[in-house]
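>
Residue numbers (full-length UniProt numbering), protein chains in the order written: chain A, 1 to 271; chain P, 1 to 282.
#1: So with CB distances below 9 angstroms, who are the chain A contacts of residue 223(P)?
#2: Cβ atoms of residue 257(P) and residue 58(P): under 8 angstroms apart, would you say?
#3: Could you work out which residues of chain P lie near residue 200(A), taking near to mean beta carbons separated by less than 7 angstroms?
#4: Can a CB atom of chain P be found closer than 8 angstroms to the CB of residue 244(A)?
#5: How about residue 142(P) and residue 225(P): are their beta carbons less than 8 angstroms apart?
#6: Run through DSSP, which three-state label would residue 102(A) get?
#7: Within a Cβ cutoff of 7 angstroms, which residues of the same chain sit near residue 153(P), ignoring the five residues on either side of it in sequence?
#8: Do residue 160(A) and residue 93(A) have their CB atoms nearer than 8 angstroms?
#9: Between the C-alpha atoms of residue 217(P) and residue 76(P), what's the straight-line distance to the nearest angstrom?
#10: Would you call the CB atoms of residue 245(A) and residue 62(A) closer than 8 angstroms?
#11: Take residue 121(P) as the anchor and find which of 267(A), 34(A), 25(A) has the nearest alpha-carbon.
#12: Kindly indicate if chain A contains any beta-carbon less than 8 angstroms away from that of residue 22(P).
#13: Measuring straight from C-alpha to C-alpha, what distance separates residue 117(A) and residue 232(P)?
#14: Starting from the C-beta of residue 64(A), find all residues in its chain whose C-beta is less than 8 angstroms away, skip the five residues before and the five after it, and write them out in chain order.
#15: Under 8 angstroms between C-beta atoms, does residue 191(P) make it to chain A?
#16: Chain A beta carbons: is any one of them nearer than 8 angstroms to that of residue 254(P)?
#17: By how many angstroms is the C-alpha of residue 160(P) removed from the C-alpha of residue 54(A)?
#18: Within 8 angstroms, do at least three Cβ pairs link the stretch 11-23 of chain P to the stretch 95-114 of chain A?
#19: Within the 8 angstroms Cβ cut-off, does residue 242(P) reach chain A?
#20: According to DSSP, is residue 40(A) helix, strand or coil?
#21: Applying the 10 Å Cβ sphere with the 16-neighbour rule, what's the burial state of residue 253(A)?
#22: Tell me the residue span of the alpha helix (DSSP H) that contains residue 182(A).
#23: Does the structure place the stretch 88-101 of chain P close enough to the stretch 167-180 of chain P that three or more beta carbon pairs sit under 8 angstroms?
Okay, here's the thing in structure tokens:
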């Protein structure tokens, strides 16, 4: 390789990295704006699209906007309930699909894939059509939101836990059995701890999907307002800066969890 | 391992029931809804009259939005594929020990509220925002030109919101590639670009196909970006379906549009997978 080619290659290699990082920056510009705006002092102004000055007021009075914190709490509650149920049902199903042979297994695998491949507006409207034709049209609310959220979280849970289960070394379980552990002991002492990171990841994913969902929720919520629906509502009028505080908190919490997970995984398997 | 004959069924049953009752059966309800007698209403009830004309009426009225949805989603998917490929490639091959950290950064924005992020795009693209100001200063935009309420804004929002769905599958398939194959290509005197086109790109096709589908499908059904970043001229079919269901209460037309959207997407996906020839997707 001549020197010139080497220089060309160096630039080429770093160009790709630089371009990649530029794309990452693009992904973070809105997050940075959300964070910045959470400190925006716009109390004197009706223009929500300009930075007027630095203040901690929005953080100190997070719950000042009418109904916002109630909506956040409602979303957290729905998220927790939907995550709990979806994670349990999904984990059981993942065990069935990986560890057991039964009739209709491949059909089940396809059905699990479908919710991830359907546009939300179609899923939401079909569920609404079911509720209306079953006579629940006037009773939309927490229950119907919960049903919808478990429905679209299930597939993601099953897929995530399945991946973890499939990557498990069956020898460990056999070793336990060889050492006279009963089936139950083997499950709780060996299998479950090994699968747990997958279940935890699935639960996290499920919670964030539920907390963030707007399209399906909006169709099936009736008068109940979740946080995304609250944001949608205020986006037509003026967005209170406190919305950005919630956005920032969500970002920080999830970043902490994801990075914490990563560090924990690194400690367990030294490179 | 020892186990009962029916354990598999019992473990599968709850999830299967939930998906059956709340995912599969609703599609039949939707189909029934699309064939309602359009004279009905939520209050008086509907009759399934096999009123196939619903489809014809809804399509005639909302053809523009339907076409625009597919068009915007298509453009957004292509842009996502290009810049997502660059990012995934950089992480997989150039990032070294920063790989995992960069992957976290790709997922992190995804965990922040979709709506809050999209609203923040509204701010970035605003008429007196810094991007518009900058472009006007260098005369790439006229003084009265704007970004907000244009197709550019909606497509930028779609690209932004669905980019992680493109990057993750692309990364997964790039990471699996044996680097020795690329080295072999270069040992056999393939230029870097030729090596990329003949080795890396074909081997990453499963990721391209999966990423394209995961981006295109939600983008075609999305209406948040069109609503927040666009104007009435950028309405997508999702906006129409949502309005027909919640504001107008025209369930028959909304159902017909929903069924049509789903049918178009399924057809496109089948054609696309056939052409791309990737079987390991499902």
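Glycine included, each C-beta is placed from N, C-alpha and C at the ideal position.
Result, derived from the coordinates:
#1: Numbered from 1 along the second chain, position 223 holds the residue referred to as residue 223(P). Result: 121, 215.
#2: Position 58 of the second chain, counted from the start, is the residue given in the question as residue 58(P). Position 257 of the second chain, counted from the start, is the residue given in the question as residue 257(P). Yes, the Cβ-Cβ distance between residue 58(P) and residue 257(P) is below 8 angstroms.
#3: As a working mapping, residue 200(A) is identified with position 200 in the first chain. Chain P residues near residue 200(A): none, gap ~15 angstroms exceeds 7 angstroms.
#4: The count along the first chain starts at 1 and reaches residue 244(A) at position 244. So, interface residue.
#5: Working through the second chain from its first residue, we reach residue 142(P) at position 142. Working through the second chain from its first residue, we reach residue 225(P) at position 225. No, the pair does not count as a contact, with Cβ atoms beyond the cut-off.
#6: Taking the first residue of the first chain as position 1, residue 102(A) is located at position 102. Coil.
#7: Here residue 153(P) corresponds to residue number 153 of the second chain, with the count starting at 1. Contacts found: 125, 147, 229, 230.
#8: Reading the first chain from its first residue, position 160 is the one you call residue 160(A). Reading the first chain from its first residue, position 93 is the one you call residue 93(A). Their beta carbons are not under 8 angstroms apart, which means residue 160(A) does not touch residue 93(A) by this criterion.
#9: Against the second chain, residue 217(P) aligns to sequence position 217. Against the second chain, residue 76(P) aligns to sequence position 76. Cα-Cα distance, rounded: 11 angstroms.
#10: For the purposes of this step, residue 245(A) is taken as residue 245 along the first chain, with counting starting at 1. For the purposes of this step, residue 62(A) is taken as residue 62 along the first chain, with counting starting at 1. Residue 245(A) places its beta carbon less than 8 angstroms from that of residue 62(A).
#11: Translated into positions along the second chain, residue 121(P) becomes position 121. Closest option to residue 121(P), Cα to Cα, is 34(A).
#12: The residue you call residue 22(P) lines up with position 22 of the second chain. Yes, contact with chain A.
#13: Counting from one through the first chain, the residue named residue 117(A) turns up at place 117. Counting from one through the second chain, the residue named residue 232(P) turns up at place 232. If you take the alpha carbons of residue 117(A) and residue 232(P), they lie about 28 angstroms apart.
#14: Against the first chain, residue 64(A) aligns to sequence position 64. Only 240, 242 meet the Cβ criterion.
#15: The count along the second chain starts at 1 and reaches residue 191(P) at position 191. It does not; no Cβ of chain A falls within 8 angstroms.
#16: For this step, residue 254(P) is matched to residue 254 along the second chain. Closer than 8 angstroms to some Cβ of chain A, the Cβ of residue 254(P) qualifies, so yes.
#17: As a working note, residue 54(A) is residue 54 in the first chain. As a working note, residue 160(P) is residue 160 in the second chain. Counting only the Cα atoms, residue 160(P) lies some 28 angstroms from residue 54(A).
#18: Yes, the stretch 95-114 of chain A is in contact with the stretch 11-23 of chain P.
#19: Working through the second chain from its first residue, we reach residue 242(P) at position 242. Yes, because at least one Cβ of chain A sits closer than 8 angstroms to the Cβ of residue 242(P).
#20: The count along the first chain starts at 1 and reaches residue 40(A) at position 40. Reduced to three states, the DSSP call for residue 40(A) is strand.
#21: The residue given as residue 253(A) occupies position 253 in the first chain. Burial call: exposed.
#22: Position 182 of the first chain, counted from the start, is the residue given in the question as residue 182(A). No alpha helix (DSSP H) holds residue 182(A); DSSP gives it neither H nor E.
#23: Yes, the stretch 167-180 of chain P touches the stretch 88-101 of chain P.
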